[in-house]
Structure formats: C-alpha cells, structure tokens
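FYI, in UniProt numbering the residues of the sequence shown are 1 to 298. Here's the structure we're looking at; comments come further down.
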Amino acid sequence: MFAVSSEHPVDENLVRRLIAAQFPRWAGLAVERWPSGGTVNAMFRLGDDLAVRLPLGESGAEDVQLEQKWLPRLASRLPTPIPEVVGVGQAAEGYPWRWSVYRWLPGEHPRAGALRRPVQLAEELAEFVTAMRKVTLPRAPVAHRGGPLATLDAETRAAVERLRAIQEENVDCDAAIAVWEKASETADWAGPPVWLHADLLPGNLLLEDDRLSAVIDFGCLGMGDPACDLFPAWNLLPAEAREVFRTALRVDDATWARGRGRTLSQALIALPYYRKTNAAMADNARHVIRAVLEECGY
Numbered sequence: 001m002f003a004v005s006s007e008h009p010v011d012e013n014l015v016r017r018l019i020a021a022q023f024p025r026w027a028g029l030a031v032e033r034w035p036s037g038g039t040v041n042a043m044f045r046l047g048d049d050l051a052v053r054l055p056l057g058e059s060g061a062e063d064v065q066l067e068q069k070w071l072p073r074l075a076s077r078l079p080t081p082i083p084e085v086v087g088v089g090q091a092a093e094g095y096p097w098r099w100s101v102y103r104w105l106p107g108e109h110p111r112a113g114a115l116r117r118p119v120q121l122a123e124e125l126a127e128f129v130t131a132m133r134k135v136t137l138p139r140a141p142v143a144h145r146g147g148p149l150a151t152l153d154a155e156t157r158a159a160v161e162r163l164r165a166i167q168e169e170n171v172d173c174d175a176a177i178a179v180w181e182k183a184s185e186t187a188d189w190a191g192p193p194v195w196l197h198a199d200l201l202p203g204n205l206l207l208e209d210d211r212l213s214a215v216i217d218f219g220c221l222g223m224g225d226p227a228c229d230l231f232p233a234w235n236l237l238p239a240e241a242r243e244v245f246r247t248a249l250r251v252d253d254a255t256w257a258r259g260r261g262r263t264l265s266q267a268l269i270a271l272p273y274y275r276k277t278n279a280a281m282a283d284n285a286r287h288v289i290r291a292v293l294e295e296c297g298y
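Spelled out as structure tokens, the structure:
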C-alpha cells in the first residue's frame with residue numbers, strides 16, 4: 001500500500017486530546033510519536049503498554065475498520081501474536097476518521113541480510129501463513145492484493161519505464177520485464193480463495209530473540225490467491241531459508257511464480273515512488289528486485 005497525503009494534522013497534541021475525551025482512564029499517560037516506515041497510518045506510543053494508530057487518509061480509515069472487525073476473530077486462530085484492539089476511537093477534535101488503541105507489541109523489524117536464524121524464521125512464517133489459510137470465518141472481505149496478476153500489468157510496466165530513466169538505480173529493466181511477463185503467463189489461481197494477511201513485508205513483522213514475536217498491520221487482510229502471502233520469500237529470506245519456506249507451505253510451481261511476480265511488481269512500483277521519501281521502503285524494494293532477478297538467473 002502506498003503513501004497517502006494527510007488530510008488532517010496528526011501529532012501528539014491531537015492524540016492527547018482524543019485520548020482525554022474518549023478514554024479518560026489513559027489521559028495521564030505519556031504520548032510519543034513512534035518512528036515508522038509505514039505510509040498509511042501514524043503510530044504513537046501511549047504509556048508503556050499501549051499504542052495509538054491513526055489513519056492518514058481515507059484508505060487507511062477503511063483499514064482500521066477492517067482490523068477492528070476481524071482482529072478479535074483471528075487472534076485465537078493464529079500461532080503468532082497479532083495486534084489486540086483495546087479501544088475504538090471515533091472521529092472528533094476535527095479529526096475525521098475512526099482510530100484504534102492497541103496493546104503494545106514489543107520487538108524489532110527484521111532486516112534482509114541481517115537475519116541470524118533465517119531458517120527458523122522461515123519455518124515460523126510458514127506456520128503463520130498456514131494458519132491463516134486454514135481460517136474458515138464466513139463473510140470475509142476480498143484481500144487488497146487477492147486478484148489476478150493481470151490487474152497489475154499496466155502499473156508494473158509503467159514503473160519499469162520510470163526506472164529506465166533513473167540510471168543511478170541501475171535496475172536491469174529488460175530482465176525485470178522478462179520475469180514479469182513469464183509470471184503473467186502463469187494460470188490464475190483456480191482453487192478456493194484462502195485467508196491472507198496480504199502485506200507480509202519486514203515492516204509488518206516483529207522479532208524478539210530472533211524469533212517471530214508478532215505480525216502486525218492487517219489492513220490488507222481478506223481472501224484471495226495464496227500466492228499473495230509469499231512476499232517474505234523474496235523481501236526477507238535468503239535462498240536457503242526461502243526454500244524452507246516454500247517446502248513448508250507445499251507451494252506448487254505456478255503459485256510460486258505468481259508470488260514471485262507479485263513481489264517483484266510491488267518492488268518495481270515502490271522503488272521510483274519511495275526512493276526520495278522513504279528509505280526503508282526503497283531499500284526493501286531494491287533487495288526484492290535483486291533477489292528475484294538472481295533467482296531467475298539474471
């Protein structure tokens with residue numbers, strides 16, 4: 001999901017006013033803006049045990065409502081902690097959208113190339129993805145990234161042409177297009193849709209002592225093609241651990257190709273968009289492009 005411009009100033013003073021008016025029991029707690037590479041919500045630490053998350057735009061407001069509805073239903077079905085909504089905030093103080101208070105989840109975001117136990121992390125991620133796929137909750141939404149690869153074609157090709165003009169990025173654009181076209185030839189998912197997180201980027205994972213301690217930001221959740229939850233294979237895991245992840249999930253060749261194509265598409269679109277504004281997102285996009293092209297022999 002890409003950045004949206006804020007339609008309302010979001011800062012510590014706004015959070016303090018919202019908390020004081022709607023959750024007075026927490027009014028005396030310290031409020032601190034939390035640094036984040038996220039682009040859709042602003043995050044604030046509230047005391048030691050809570051977090052406040054406010055959408056920066058309309059799309060983020062929709063995500064918040066998804067989380068408020070589905071996170072309580074998913075939590076007991078997953079092996080990994082996920083955000084717990086402890087307060088549902090309403091529009092007020094001139095701020096136009098619903099927002100949430102969550103239980104604070106400790107941990108650090110993993111970084112590609114800096115994992116100390118990548119195989120173990122691959123196994124833990126596969127366990128989480130498997131559990132998501134087994135969820136049977138009815139009336140699920142369609143995942144944000146759950147549709148056919150063809151829906152991404154025009155935007156992916158346009159991003160590659162933008163990258164051709166940015167020589168300092170040194171992206172092999174011909175190779176990227178070749179990989180994308182091969183993935184696009186793969187048949188669409190013909191099985192039943194499965195539950196997905198649909199945004200398993202490093203910024204949405206937390207580690208403690210090198211173990212997966214939490215998965216966060218479920219704003220893209222819903223049902224769709226299982227390939228949509230293969231992102232960690234290329235945006236985080238080295239080759240050996242990538243194969244462990246694939247084996248644990250029993251991914252067939254076509255689903256693997258679609259997952260690789262989706263991950264590459266997202267990176268190709270993100271790099272020219274974020275290269276001057278969000279270092280974490282841009283660096284991850286560069287890593288994905290290298291990992292995918294290397295896996296495909298370029």
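The C-beta atom is built at its ideal place from N, Cα and C for all residues, glycine as well. Predicted, not measured: the structure shown is a model, and the values here were computed from it.
Whether residue i touches residue j by CB criterion (7 Å)
{"i": "Ala-30", "j": "Val-10", "result": "no"}
{"i": "Asp-199", "j": "Cys-220", "result": "yes"}
{"i": "Ala-140", "j": "Phe-245", "result": "no"}
{"i": "Val-194", "j": "Arg-260", "result": "no"}
{"i": "Val-52", "j": "Arg-98", "result": "no"}
{"i": "Cys-296", "j": "Val-129", "result": "no"}
{"i": "Leu-207", "j": "Asp-229", "result": "no"}
Residue i (DSSP reduced to helix, strand or coil)
{"i": "Glu-295", "result": "helix"}
{"i": "Trp-99", "result": "strand"}
{"i": "Arg-33", "result": "strand"}
{"i": "Arg-17", "result": "helix"}
{"i": "Phe-44", "result": "strand"}
{"i": "Val-10", "result": "coil"}
{"i": "Ala-3", "result": "Summary for Ala-3: the model assigns pLDDT 46, below 50, so the residue's position carries little reliability; its value from the coordinates is reported in the next sentence. If DSSP states are grouped into helix, strand and coil, Ala-3 belongs with coil."}
{"i": "Met-214", "result": "For clarity, residue 214 is Ala in the given sequence; the question names Met instead. Strand, per DSSP."}
{"i": "Trp-26", "result": "helix"}
{"i": "Glu-185", "result": "coil"}
{"i": "Val-171", "result": "coil"}
{"i": "Val-179", "result": "helix"}
{"i": "Leu-163", "result": "helix"}
{"i": "Leu-115", "result": "coil"}
Cβ-based burial, residue i [other Cβ within 10 Å; buried from 16]
{"i": "Glu-67", "result": "buried"}
{"i": "Asp-252", "result": "exposed"}
{"i": "Asn-13", "result": "exposed"}
{"i": "Asn-278", "result": "buried"}
{"i": "Ser-5", "result": "At Ser-5 the pLDDT is 46, less than 50, meaning the model places this residue with poor confidence and gives no usable figure here."}
{"i": "Phe-2", "result": "Summary for Phe-2: the model assigns pLDDT 48, below 50, so the residue's position carries little reliability; its value from the coordinates is reported in the next sentence. The residue is exposed, with fewer than 16 neighbouring Cβ atoms inside 10 Å."}
{"i": "Arg-262", "result": "buried"}
{"i": "Pro-55", "result": "buried"}
Contact between the segment 102–114 and the segment 54–61 (3+ Cβ pairs under 8 Å): no
Segment contact flag, the segment 137–153 with the segment 260–269, C-beta cutoff 8 Å, min 3 pairs: yes
Unbroken stretches of the beta strand (DSSP E), 3 residues or longer, contained in the segment 53–111: 85–89 and 99–103
The segment 165–175 / the segment 195–215 touching (three or more Cβ pairs under 8 Å): no
The segment 210–220 / the segment 70–86 touching (three or more Cβ pairs under 8 Å): yes
Contact between the segment 279–287 and the segment 155–162 (3+ Cβ pairs under 8 Å): no
Those runs of the alpha helix (DSSP H) which lie wholly inside the segment 201–262 and span at least 4 residues: 232–235 and 239–249
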